[in-house]
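Colleague: Convert by adding 6 to the 1-based position in the sequence shown; the result is the number in our numbering. Heads up, the beta-carbon is just placed ideally off N, CA and C, and yes, glycines get one too. Values in this document were obtained by computation on a predicted structure and should not be read as measured data.
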Amino acid sequence: ERQKQIGSMARKLEGIKDNGEYMRQELESLVQEAEEKMDRLTAFYQTVDAMLDNTPRFDSTEEYPLEKVSRGARKRSGAGRNAANLPEHKVSGIMSLHLNHKWTPDLIAERMKIDPSVVRAVIASHGK
(Lines of atoms letter the chains of each structure in order from A and count residues from 1; the text may use other names and numbers.)
(Lines give C-alpha, C1' and ligand atoms only; values in the text may rest on other atoms or scores of the structure.)
Protein backbone atom coordinates (compact mmCIF):
# COMPACT_ATOMS: atom_id res chain seq x y z
CA GLU A 1 0.00 0.00 0.00
CA ARG A 2 2.80 2.37 0.93
CA GLN A 3 4.63 1.57 -2.32
CA LYS A 4 1.50 2.45 -4.35
CA GLN A 5 1.21 5.80 -2.58
CA ILE A 6 4.89 6.56 -3.18
CA GLY A 7 4.58 5.57 -6.85
CA SER A 8 1.44 7.66 -7.27
CA MET A 9 3.09 10.65 -5.61
CA ALA A 10 6.18 10.28 -7.83
CA ARG A 11 3.97 10.28 -10.96
CA LYS A 12 2.12 13.36 -9.76
CA LEU A 13 5.39 15.16 -9.06
CA GLU A 14 6.66 14.21 -12.53
CA GLY A 15 3.43 15.56 -14.06
CA ILE A 16 3.78 18.81 -12.13
CA LYS A 17 7.41 19.09 -13.24
CA ASP A 18 6.46 18.50 -16.90
CA ASN A 19 3.62 21.00 -16.67
CA GLY A 20 5.97 23.56 -15.09
CA GLU A 21 8.50 23.07 -17.89
CA TYR A 22 5.77 23.53 -20.50
CA MET A 23 4.56 26.72 -18.80
CA ARG A 24 8.13 28.05 -18.62
CA GLN A 25 8.59 27.48 -22.35
CA GLU A 26 5.27 29.16 -23.14
CA LEU A 27 6.18 32.18 -21.00
CA GLU A 28 9.58 32.46 -22.67
CA SER A 29 7.85 32.36 -26.04
CA LEU A 30 5.44 35.11 -24.98
CA VAL A 31 8.27 37.27 -23.67
CA GLN A 32 10.21 36.84 -26.91
CA GLU A 33 7.12 37.71 -28.96
CA ALA A 34 6.51 40.80 -26.81
CA GLU A 35 10.12 41.90 -27.25
CA GLU A 36 9.84 41.52 -31.04
CA LYS A 37 6.64 43.57 -31.08
CA MET A 38 8.21 46.25 -28.90
CA ASP A 39 11.19 46.41 -31.26
CA ARG A 40 8.84 46.87 -34.23
CA LEU A 41 6.83 49.51 -32.35
CA THR A 42 10.01 51.35 -31.40
CA ALA A 43 11.17 51.30 -35.01
CA PHE A 44 7.76 52.62 -36.10
CA TYR A 45 7.89 55.50 -33.60
CA GLN A 46 11.47 56.32 -34.60
CA THR A 47 10.41 56.45 -38.24
CA VAL A 48 7.46 58.70 -37.43
CA ASP A 49 9.59 60.94 -35.23
CA ALA A 50 12.29 61.20 -37.91
CA MET A 51 9.66 62.10 -40.50
CA LEU A 52 8.14 64.70 -38.19
CA ASP A 53 11.48 66.23 -37.27
CA ASN A 54 12.16 66.92 -40.94
CA THR A 55 8.88 68.74 -41.60
CA PRO A 56 7.82 72.30 -40.75
CA ARG A 57 4.99 72.93 -38.33
CA PHE A 58 1.77 74.59 -39.44
CA ASP A 59 1.07 76.90 -36.52
CA SER A 60 -1.93 78.57 -38.05
CA THR A 61 -4.58 77.67 -40.57
CA GLU A 62 -3.92 80.97 -42.38
CA GLU A 63 -0.17 80.47 -42.93
CA TYR A 64 -0.35 79.56 -46.59
CA PRO A 65 -1.83 81.53 -49.48
CA LEU A 66 -5.25 80.52 -50.74
CA GLU A 67 -4.93 78.10 -53.63
CA LYS A 68 -7.45 76.09 -55.54
CA VAL A 69 -8.91 73.54 -53.15
CA SER A 70 -8.33 69.93 -54.16
CA ARG A 71 -11.25 67.61 -54.81
CA GLY A 72 -13.00 66.70 -51.59
CA ALA A 73 -11.30 69.31 -49.39
CA ARG A 74 -13.53 71.60 -47.37
CA LYS A 75 -13.99 74.97 -49.05
CA ARG A 76 -15.62 76.86 -46.21
CA SER A 77 -12.75 76.91 -43.71
CA GLY A 78 -9.09 77.84 -43.57
CA ALA A 79 -8.41 74.32 -42.38
CA GLY A 80 -9.76 73.00 -45.66
CA ARG A 81 -7.48 75.30 -47.59
CA ASN A 82 -4.46 74.13 -45.60
CA ALA A 83 -5.52 70.52 -45.99
CA ALA A 84 -5.32 71.08 -49.73
CA ASN A 85 -1.81 72.57 -49.34
CA LEU A 86 -0.42 69.66 -47.33
CA PRO A 87 2.05 67.44 -49.14
CA GLU A 88 0.52 64.14 -50.20
CA HIS A 89 2.82 62.15 -47.88
CA LYS A 90 1.44 64.06 -44.90
CA VAL A 91 -2.15 63.52 -45.99
CA SER A 92 -1.53 59.80 -46.43
CA GLY A 93 0.30 59.71 -43.09
CA ILE A 94 -2.63 61.38 -41.33
CA MET A 95 -5.11 58.97 -42.90
CA SER A 96 -2.92 55.96 -42.10
CA LEU A 97 -2.55 56.94 -38.45
CA HIS A 98 -6.27 57.65 -38.17
CA LEU A 99 -7.60 54.58 -39.98
CA ASN A 100 -4.98 51.91 -39.29
CA HIS A 101 -3.74 52.91 -35.84
CA LYS A 102 -6.95 54.58 -34.57
CA TRP A 103 -5.12 57.75 -33.45
CA THR A 104 -7.28 60.74 -32.56
CA PRO A 105 -6.96 63.95 -34.61
CA ASP A 106 -5.46 65.76 -31.62
CA LEU A 107 -2.76 63.11 -31.13
CA ILE A 108 -1.95 63.14 -34.85
CA ALA A 109 -1.73 66.94 -34.79
CA GLU A 110 0.57 66.88 -31.77
CA ARG A 111 2.88 64.22 -33.20
CA MET A 112 2.99 65.66 -36.71
CA LYS A 113 3.21 69.26 -35.47
CA ILE A 114 0.17 70.33 -37.48
CA ASP A 115 -2.81 72.41 -36.41
CA PRO A 116 -5.60 70.09 -35.16
CA SER A 117 -8.16 71.76 -37.43
CA VAL A 118 -6.02 70.88 -40.45
CA VAL A 119 -5.90 67.24 -39.34
CA ARG A 120 -9.68 67.19 -38.82
CA ALA A 121 -10.21 68.73 -42.28
CA VAL A 122 -7.99 66.09 -43.91
CA ILE A 123 -9.83 63.28 -42.12
CA ALA A 124 -13.22 64.76 -42.98
CA SER A 125 -12.34 65.32 -46.63
CA HIS A 126 -10.91 61.82 -47.13
CA GLY A 127 -13.33 59.99 -44.88
CA LYS A 128 -16.16 60.23 -47.39
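(1) Cα separation between Ile114 and Pro122?
(2) Check for me: the alpha helix (DSSP H) holding Asn25 runs from which residue to which?
(3) Just the Cα atoms here: how many angstroms apart are Val128 and Ser102?
(4) Please confirm whether Val54 and Arg117 have their CB atoms less than 8 Å apart.
(5) By how many angstroms is the C-alpha of Thr110 removed from the C-alpha of Leu58?
(6) What's the C-alpha gap between Arg8 and Leu33?
(7) Terminal residues of the continuous alpha helix (DSSP H) containing Lys96?
(8) Under the three-state reduction of DSSP, which class applies to Arg77: helix, strand or coil?
(9) Taking all protein chains shown into account, do 16 or more other C-beta atoms lie within 10 angstroms of the C-beta of Arg30, making it buried, or fewer, making it exposed?
Modeller: The answer reads as follows:
(1) 8 Å
(2) 8 to 59
(3) 11 Å
(4) yes
(5) 17 Å
(6) 37 Å
(7) 94 to 105
(8) With a pLDDT of 44 at Arg77, under the threshold of 50, the modelled position of this residue cannot be trusted, and the question is left open.
(9) exposed
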